[in-house]
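Enquirer: From first to last, the protein sequence lines stand for chains S and L.
Read in the numbering used here, the first sequence has 866 at position 332, and its numbers run on one by one without any break.
Read in the numbering used here, the second sequence has 1037 at position 68, and its numbers run on one by one without any break.
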Amino acid sequence: MSGKSEISGYMNADGKFGIRKHVAVVSLSVFSNVATQSISNLVDGTVPLIHPHGRAEIGMNKKNLETNLIGQILNPNVQSALVVGYEQKTTEKYLTTLSTLTKKRVESLVVLEGGSISAIAEGTRKAMELSIEASEVRRETIGFEDITLGIKCGSTDATSGIASNPAVGSAVDTVINLGGTAIFSETTELMGAEQVLTKRAVNDTVAKKIYEIVKQNEMFAKQQGVDLLGINPVPDNIEGGISTIEEKSLGAILKGGTSTIMDVLKYGEHPPAKGLYIMDSPSAAQEVLTALTSAGCQAIFFSTGLGNPSGTPLVPVIKVTGNMKTVKKMRDHIDVDVSDIISNNLSYNEAGKKVFDHLAAVINGGKTRAEVLKHREFSPIPVGL
Amino acid sequence: MKAFKKIAANDNVAVALEDLFAGDVINVGGISITIRRDIKFGHKFALEKIKIGAPIVKYGEVIGETTEIIEPGDHVHIHNLRSLRARSDK
């Protein structure tokens, strides 16, 4: 069946295949954003990574920021990177770490050595050379064993659990059966569904880890002294018919398909082997998509009920909906319409094939709505639940 | 007949797949249920009488507990269904 799809990718210096060949222009600090954006505006083939951080973070915030800034550059869709630092010392530290983790070409500059205008001139020349080099890389045939797929759902309504999530889940099963890897996430949205997921854990240790991350998440929510209602499910979920976190979770986990769960990954961690993984992470789209990019996903399925415009700087995000109203109202942000599940009894397998075929097309260079509209949300310090 | 979906055999709610209106009669597995209040697409209605503090089951799993007595055909949502998880009062 769908397994016959021919797919191709671009090899990078780390010996991995990307489905894009971006030159990432990465801001290390809020004060480097102007230079980063300007350089990327001037140089074709580059993508800017902009964020409001990089000054005086401590503890988990600092760790997550570093994981994500480095993780974006390690992502297979990146051919090379220009690191736009603010001051010398931090910039050097990043470059040293990167040199131990990647063979990709990484250029750098420091804004505090002459100001933004000089940085833009220097960075534009460096990015231009990287872009020309990346432009010469050609596609070659790859297999699904070369693919790591992220899975996310967002702007959930009652159609998510009965249409788009099972359709995406069916496509994920196909990818796993073809030897691929997939990661789903959003720990809060496992709450109330642990008893279903743990049955699919590869062993007791992994089952315990699933219970443990959800327990930690629930304790954190309780410590804040607030009910999850109105936070998760969010108001648009409730409007769409979702009443409780358990209901949302039981629908949400269907997007991961039915494969064995190999392990629980830390936030932004790369899967150590093939198969299906859970990553411990918050559930807001921009935070999950950033972490899935850091974990090495080359493409991300995004199942949605009410529609959602979000994307990432480096990884194509494929929006799938089963809500016929959303297909009309949010058409500019929907890549795959599986609303026939509800209106015409389309089976989950058939819908899954439609989603899988679209994935193959995107892997081969077909652009997603979020890519074309430059939805490049990047949120390297997660703050949500 | 109006479209709805009962997901798992032991569910005590079903999902409206189109807007339902008070008075609509739905046939679920041979049993007629009269919809008691307008129910929007994607929202849930009760398939049986459910006691206060009893579990609501969807996808074959518990999604929360009732906060009032629910009659067949009632809209089941945040006004009469409450999560059992991450509650600050528990």
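The C-beta atom is built at its ideal place from N, Cα and C for all residues, glycine as well.
Predicted model only: the values in this text are computed from it and were never measured.
1) Please confirm if the stretch 673-686 of chain S is in contact with the stretch 816-836 of chain S, defined as three or more CB-CB distances below 8 Å between the two stretches.
2) Within its chain, find whatever has a CB closer than 6 Å to the CB of residue 930 (chain S); leave out the 5 residues flanking it on each side and keep chain order.
3) Just grab the DSSP bridge partners of residue 1051 (chain L) for me.
4) Nearest by alpha-carbon distance to residue 1018 (chain L): which of L:976, L:973, L:974 and L:1049 is it?
5) Please go through the same chain and pick out, in chain order, the residues whose beta-carbon is closer than 6 Å to the beta-carbon of residue 722 (chain S), but skip the five residues on each side of it.
6) For chain L, check one thing: does any of its Cβ atoms lie closer than 8 Å to the Cβ of residue 795 (chain S)?
7) Using CA coordinates, which residue listed in S:737, S:727 and S:826 is at the minimum distance from residue 802 (chain S)?
8) I need the DSSP call for residue 565 (chain S), collapsed to helix, strand or coil.
9) Span of the beta strand (DSSP E) holding residue 613 (chain S)?
10) Who are the near neighbours of residue 776 (chain S) in its chain, counting only those whose CB is closer than 7 Å to its CB and skipping five residues on each side?
11) Could you tell me which residues DSSP pairs with residue 558 (chain S) in its beta bridges?
12) Can you confirm whether the stretch 1040-1049 of chain L touches the stretch 998-1017 of chain L when touching is taken to mean that 3 or more C-beta pairs between the two stretches lie within less than 8 Å?
13) Once you ignore the five residues that flank residue 914 (chain S) on each side, which residues in its own chain have a CB closer than 7 Å to its CB?
14) If residue 799 (chain S) sits next to residue 612 (chain S), beta carbons under 8 Å apart, how far is it from one beta carbon to the other, in whole angstroms?
15) Please return the same chain residues whose Cβ sits closer than 8 Å to the Cβ of residue 978 (chain L), not counting the five positions on each side in sequence.
16) Fully enclosed by the stretch 643-708 of chain S, which beta strand (DSSP E) runs are 3 residues long or longer?
17) Excluding sequence positions up to five away, which residues of its chain have a Cβ less than 8 Å from the Cβ of residue 992 (chain L)?
18) List the endpoints of the continuous alpha helix (DSSP H) containing residue 633 (chain S).
19) Classify residue 999 (chain L): buried if its beta carbon has 16 or more other beta carbons within 10 angstroms, exposed otherwise.
20) Taking residue 996 (chain L) as part of the beta strand (DSSP E), name the residues at either end of that continuous run.
Expert: For this structure:
1) yes
2) What the structure shows of chain S is the stretch from 535 to 919, and residue 930 (chain S) is not part of that stretch, so it cannot be assessed.
3) Note: residue 1051 (chain L) sits in a beta bridge opposite L:1034.
4) L:1049
5) In its chain, beyond the 5 residues on either side, 751, 766, 817 and 919 have a beta carbon closer than 6 Å to the beta carbon of residue 722 (chain S).
6) no
7) Residue S:826 is the option with its Cα nearest to residue 802 (chain S).
8) helix
9) For residue 613 (chain S), the enclosing beta strand (DSSP E) begins and ends at 612-619.
10) 690, 691, 692, 767 and 782
11) S:581 and S:615
12) Touching, per the Cβ criterion.
13) 585, 587, 598, 599, 602, 603 and 824
14) Wrong, their Cβ atoms sit about 20 Å apart, outside the cutoff.
15) So the qualifying residues of the chain are 1029.
16) If we require 3 residues or more, the beta strand (DSSP E) runs fully inside the stretch 643-708 of chain S come out as 674-676 and 682-688.
17) Closer than 8 Å at the Cβ level, and outside the excluded window around residue 992 (chain L), lie 1003 and 1004.
18) DSSP places residue 633 (chain S) in the uninterrupted alpha helix (DSSP H) bounded by 622-635.
19) Residue 999 (chain L) is exposed by the Cβ-count criterion.
20) 994-997
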